[in-house]
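Note sheet for the following structure.
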Amino acid sequence: AVGRYNEFESLRVAGIRYADLRGYSYDRTDVTARALANTYAQTLGAVFTQESKPFEIEIVVAEVGLDSESDQIFRLTYDGSVADERGFVAMGGASDAAEERLSTAWRPGMGLSDVLRLAVDVLGAGDNGERRTLDAAQLEVAVLDRDRPRRSFRRIVGPLLSRLIEPRENTEVPAVALGGPGAGPEAPAGGPAPGDEPESPTQP
Numbered sequence: 100a101v102g103r104y105n106e107f108e109s110l111r112v113a114g115i116r117y118a119d120l121r122g123y124s125y126d127r128t129d130v131t132a133r134a135l136a137n138t139y140a141q142t143l144g145a146v147f148t149q150e151s152k153p154f155e156i157e158i159v160v161a162e163v164g165l166d167s168e169s170d171q172i173f174r175l176t177y178d179g180s181v182a183d184e185r186g187f188v189a190m191g192g193a194s195d196a197a198e199e200r201l202s203t204a205w206r207p208g209m210g211l212s213d214v215l216r217l218a219v220d221v222l223g224a225g226d227n228g229e230r231r232t233l234d235a236a237q238l239e240v241a242v243l244d245r246d247r248p249r250r251s252f253r254r255i256v257g258p259l260l261s262r263l264i265e266p267r268e269n270t271e272v273p274a275v276a277l278g279g280p281g282a283g284p285e286a287p288a289g290g291p292a293p294g295d296e297p298e299s300p301t302q303p
């Protein structure tokens, strides 16, 4: 999410409550990205039409399926509009330029380290043509790993992130297919991978 923190944080908390209630009342498999996106869209649309000022936010809701063909990405804007995206999404400042760069450099099946280096390269492109160098301390990175047994969301932090974003000639970290078998470092079943940040119970 991008925009005003208090606005998208209130939606995030509402989304957690919706997912908890629906999963408890029915089944965890009934909590889908499409259903959550529709719930957010209703709230954003109501605020847009009924309040004096719409929410100044943009949200992405993503879900990994059993394979890459069933993955889903939805982009929601301030008026409640929902767009079905494929492959990648860029939000925030200079998002048009970022998406143009991604459209030429991104390809399906890229390895995790390749994707992260591409993202760092795109984020490092300044509005005035000047480039900036980004390190791991300036980034927030998370992946949705379809092979995790309980929870697909996990953060990538610390030394692992630093190694993954190093230029290829300076790193021995192998490229790992996003969402494919062995995505990310091995971890005990249900436990965090090396470099993971402990999961928060309030994280969607």
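Under the working numbering, think of the first position of the sequence shown as 100, with each following residue one higher. Using N, Cα and C, we set each Cβ at its ideal position, and we do this for glycine too.
Bridge partners - residue i, DSSP secondary structure assignment
{"i": "A189", "result": "Beta-bridge pairing links A189 to no other residue."}
{"i": "A224", "result": "R230"}
{"i": "E157", "result": "V101"}
{"i": "E162", "result": "Q171"}
DSSP-derived helix/strand/coil call for residue i
{"i": "D183", "result": "strand"}
{"i": "R247", "result": "coil"}
{"i": "A274", "result": "The pLDDT assigned to A274 is 36, lower than 50, so where the model puts this residue is not dependable; a value taken from the coordinates is nonetheless given after this. Coil at A274, not helix or strand."}
{"i": "I115", "result": "helix"}
{"i": "R206", "result": "coil"}
{"i": "V219", "result": "helix"}
Cβ neighbours of residue i in the same chain (closer than 7 Å, five flanking residues each side left out)
{"i": "V221", "result": "A197, R200 and L201"}
{"i": "A132", "result": "V160, A161, E162, Q171 and F173"}
{"i": "A136", "result": "V160, F173, L175 and V181"}
{"i": "F187", "result": "L201 and W205"}
Per-residue burial, residue i [other beta carbons within 10 Å of its own, 16 or more giving buried]
{"i": "A236", "result": "exposed"}
{"i": "R230", "result": "exposed"}
{"i": "P245", "result": "This sequence places Arg at residue 245; Pro is not what is there. So R245 ends up on the buried side."}
{"i": "I189", "result": "The sequence given here places Ala at residue 189; Ile does not occur at that position. Burial call: buried."}
{"i": "L260", "result": "buried"}
Neighbourhood of residue i by C-beta, 8 Å cutoff - its chain only, sequence neighbours within 5 removed
{"i": "P153", "result": "L143, V146, F147, Y177 and D178"}
{"i": "G164", "result": "D170, Q171 and R245"}
{"i": "S109", "result": "none"}
{"i": "A224", "result": "A193, A196, A197, R200 and R230"}
{"i": "E184", "result": "V159, I172, F173 and R174"}
Sequence-distant residues of the same chain with beta carbon closer than 6 Å to residue i, five excluded per side
{"i": "F107", "result": "A100 and I156"}
Does the structure place the segment 172 to 184 close enough to the segment 129 to 149 that three or more beta carbon pairs sit under 8 Å? Touching, per the Cβ criterion.
Touching or not, the segment 253 to 268 and the segment 204 to 215, by the rule of three or more beta carbon pairs under 8 Å? The segment 253 to 268, when compared against the segment 204 to 215, does touch it at the 8 Å Cβ threshold.
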